[in-house]
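K.L.:
Heads up, the sequence shown is in UniProt numbering, so the first residue is 1 and it goes up one at a time. Even for Gly, the Cβ is constructed at its ideal location relative to N, Cα and C. Bear in mind that the values here come from a model prediction, so they are computed numbers and not experimental data. Below is a structure I'd like to ask you about.
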Amino acid sequence: MQKEIFKSREELGKNAGKDAGRAINEAVSKTPAGRDLIKPYVKALRKNDLKVGIYFSQLDWSHQDYPHFTRKKNRYSNDSVQWNRFLDFNRAQLKEVVTGYKPDLIWFDGDWDYSAEQWKAKELSEQVRKWH
1 MQKEIFKSRE ELGKNAGKDA GRAINEAVSK TPAGRDLIKP YVKALRKNDL
51 KVGIYFSQLD WSHQDYPHFT RKKNRYSNDS VQWNRFLDFN RAQLKEVVTG
101 YKPDLIWFDG DWDYSAEQWK AKELSEQVRK WH
């Protein structure tokens, strides 16, 4: 099986496609491309009968609600409200990727800071299947 993997979102919060969770669509407003970069990629792969994979980093060090260990001060130590706000943001972006591009594969990364339970991995897996 031939496939390609496109990096839709990285740990630093940079995004290549539309972005439901942020006020600014970085691929459109902050790059010379000035447009969604994922859509034509997916279209070209499907046209050539290739499987579409999309990489999605779970963590986002740039997001104000992500309590990352590299911050000088963790403002929200063990704050479940803040963590759930981040998860809602994260899920909104992932939902846009899944419903907008219908990838054959989602390559998750960036889950090492927290446990599967904290990431709510089982619920996430079930939700992705419903969205698809």
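For a quick check, are the C-beta atoms of D59 and G110 less than 9 Å apart?
P.N.:
Note that residue 59 is Leu in the sequence shown, not Asp. Yes, the Cβ-Cβ distance between L59 and G110 is below 9 Å.
K.L.:
Just curious, the beta strand (DSSP E) that K51 is in, first and last residue?
P.N.:
K51 to S57
K.L.:
For Q64, is the classification buried or exposed, using 16 other Cβ atoms within 10 angstroms of its Cβ as the cut-off for buried?
P.N.:
exposed
K.L.:
Between the region 95 to 107 and the region 48 to 57, do at least 3 Cβ pairs fall closer than 8 Å?
P.N.:
yes
K.L.:
For residue 136 and K122, what's the separation of their Cα atoms in angstroms?
P.N.:
Residue 136 lies beyond the range of the chain shown here (1 to 132); nothing can be said about it.
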